[in-house]
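Shown next, in structure tokens, is the structure this report addresses.
Protein chains: 2
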Amino acid sequence: MSIEPVAGIEPPYYAVVFTSVQRATLDGYEETAARMPALVREVPGFLGYESARTPGGLGITVGYFRDEEAIAAWQRNGEHQAAQRRGRAEWYENYSVHVAKVERSYSFERG
Amino acid sequence: MSIEPVAGIEPPYYAVVFTSVQRATLDGYEETAARMPALVREVPGFLGYESARTPGGLGITVGYFRDEEAIAAWQRNGEHQAAQRRGRAEWYENYSVHVAKVERSYSFERG
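As given, the protein sequences belong to chains W and V, one line each in that order. Going by this note's numbering, the first residue of the first sequence is number 71, and it counts up by one from there. Going by this note's numbering, the first residue of the second sequence is number 71, and it counts up by one from there.
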């Protein structure tokens, strides 16, 4: 899990917002989730990600990509596809995905 | 805090991704944060929001808006501006904001 907000990327780039509610039983989830950062970092055009989850509540992961081709490459990854199938079959009560083109960004860092 | 992912909005619309790391001392934060949902719901073109925070870690809030004018109206809100100033002065170690135009979205709901 990244602890720092992703900042300083020059627009345009893409944000993929994945919001989910998990089920109570999560057999195998942690191992699979732990694999994803290493996998996505291999994708050309992957720029970073951020993740947060309120205990017992909503989880939000935002992946940043240079362009649509980078998003498509991540979607084609076989291990990612298997994780998605298992997520629908076992782990998620519901989820939403929003694919968006970032037009501007700014950040604050305590001096 | 919304517990359900926001889904079913017809693109195009905008997502404002606000990612933050809080400081240890948060005097007055909860009261101010609790005010924001009621305020933003008054903004014409506000479509919904999602929020998650890993305890001791990253917080991510995503606000969805119909268009740039709706985002601008929210930025002009005086109480929101005061909250932002206080956030920079007192509550946040760092944060990033990404303003993005959603091109497509999809969702999953357990049957």
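A virtual CB, placed ideally from N, CA and C, is assigned to each residue, including glycine. Computed from a prediction, not measured in an experiment: that's the story for all the values here.
Can you confirm whether residue 95 of chain V, when its beta carbon is compared against all beta carbons of chain W, has any partner nearer than 8 Å?
For the purposes of this step, residue 95 of chain V is identified with residue 25 of the second sequence, where counting begins at 1. Taking Cβ atoms only, chain W never reaches closer than 8 Å to residue 95 of chain V, which makes this a no.
Determine the chain V residues that contact residue 123 of chain W at a beta-carbon separation under 7 Å, and present them in chain order.
Numbered from its first residue, the first sequence carries residue 123 of chain W at position 53. The contacting residues are 122 and 124.
Can you find at least 3 beta carbon pairs, one from the region 78-93 of chain V and one from the region 120-140 of chain V, that sit closer than 8 Å?
Cβ pair count under 8 Å is three or more, so yes.
Starting from the beta carbon of residue 164 of chain V, find every residue of chain W whose beta carbon is closer than 9 Å, and list them in chain order.
Residue mapping note: residue 164 of chain V aligns to position 94 of the second sequence, counting from 1. Within chain W, the residues near residue 164 of chain V are 74, 75, 77, 177, 178, 179 and 180.
Name, please, each residue of chain W whose Cβ falls closer than 7 Å to the Cβ of residue 19 of chain V.
Residue coverage of chain V in this structure runs from 71 to 181, which leaves residue 19 of chain V outside it and unanswerable.
Would residue 168 of chain V and residue 175 of chain W be called neighbours here (beta carbons separated by less than 8 Å)?
Against the second sequence, residue 168 of chain V aligns to sequence position 98. Against the first sequence, residue 175 of chain W aligns to sequence position 105. Yes, these two residues count as a Cβ contact at 8 Å.
Quick one: list the residues of chain V neighbouring residue 169 of chain W, beta-carbon separation under 8 Å, in chain order.
Numbered from 1 along the first sequence, position 99 holds the residue referred to as residue 169 of chain W. Neighbours of residue 169 of chain W on chain V, chain order: 172, 173, 174 and 175.
If I measure Cβ to Cβ from residue 177 of chain V and keep anything under 8 Å in the same chain, skipping five residues before and after, which residues do I get?
If you number the second sequence from 1, residue 177 of chain V lands on position 107. If we look at residue 177 of chain V and ignore the five residues flanking it on each side, its Cβ neighbours are 75, 77 and 78.
Below 8 Å on the Cβ atoms is my contact criterion, and I expect residue 82 of chain W with residue 172 of chain W to pass it. Report the Cβ-Cβ distance as a whole number of Å.
Numbered from 1 along the first sequence, position 12 holds the residue referred to as residue 82 of chain W. Numbered from 1 along the first sequence, position 102 holds the residue referred to as residue 172 of chain W. Right, the Cβ-Cβ distance comes to about 6 Å (below 8 Å), so this counts as a contact.
Measuring only between beta-carbons, confirm whether residue 102 of chain V sits less than 8 Å from chain W.
The residue labelled residue 102 of chain V in the question sits at position 32 within the second sequence. No, residue 102 of chain V does not count as interfacial toward chain W.
Quick check: the Cα distance between residue 170 of chain V and residue 98 of chain W, rounded to an integer number of angstroms?
By one-based count along the second sequence, residue 170 of chain V stands at place 100. By one-based count along the first sequence, residue 98 of chain W stands at place 28. For residue 170 of chain V and residue 98 of chain W, the distance between alpha carbons rounds to 33 Å.
Go through its chain and collect everything with a Cβ distance to residue 137 of chain V's Cβ below 7 Å, but skip five positions before and after it.
Within the second sequence, numbered from 1, the residue matching residue 137 of chain V stands at position 67. Within the same chain, residue 137 of chain V has close Cβ partners 84 and 115.
In the DSSP output, what is residue 92 of chain V paired with across the bridge?
Looking up residue 92 of chain V in the second sequence gives position 22. Bridge partners of residue 92 of chain V: V:162.
Rounding to the nearest angstrom, what Cα-Cα distance links residue 101 of chain V and residue 124 of chain W in this structure?
Taking the second sequence and counting its residues from 1, one reaches residue 101 of chain V at position 31. Taking the first sequence and counting its residues from 1, one reaches residue 124 of chain W at position 54. Going from the Cα of residue 101 of chain V to the Cα of residue 124 of chain W covers about 19 Å.
For a quick check, are the C-beta atoms of residue 110 of chain W and residue 144 of chain W less than 8 Å apart?
Here residue 110 of chain W refers to the residue found at position 40 when the first sequence is read from its first residue. Here residue 144 of chain W refers to the residue found at position 74 when the first sequence is read from its first residue. Closer than 8 Å, so yes.
Give the residues of chain W in contact with residue 211 of chain V, contact being defined as C-beta atoms less than 7 Å apart.
The requested residue 211 of chain V does not occur in the structure, where chain V is confined to residues 71 to 181.
To be precise: take each residue of the region 129-149 of chain W, compare its Cβ to all Cβ atoms of chain V, and keep it if any distance is under 7 Å. Which residues remain?
Under the 7 Å Cβ criterion, the region 129-149 of chain W contributes 129, 130 and 132.
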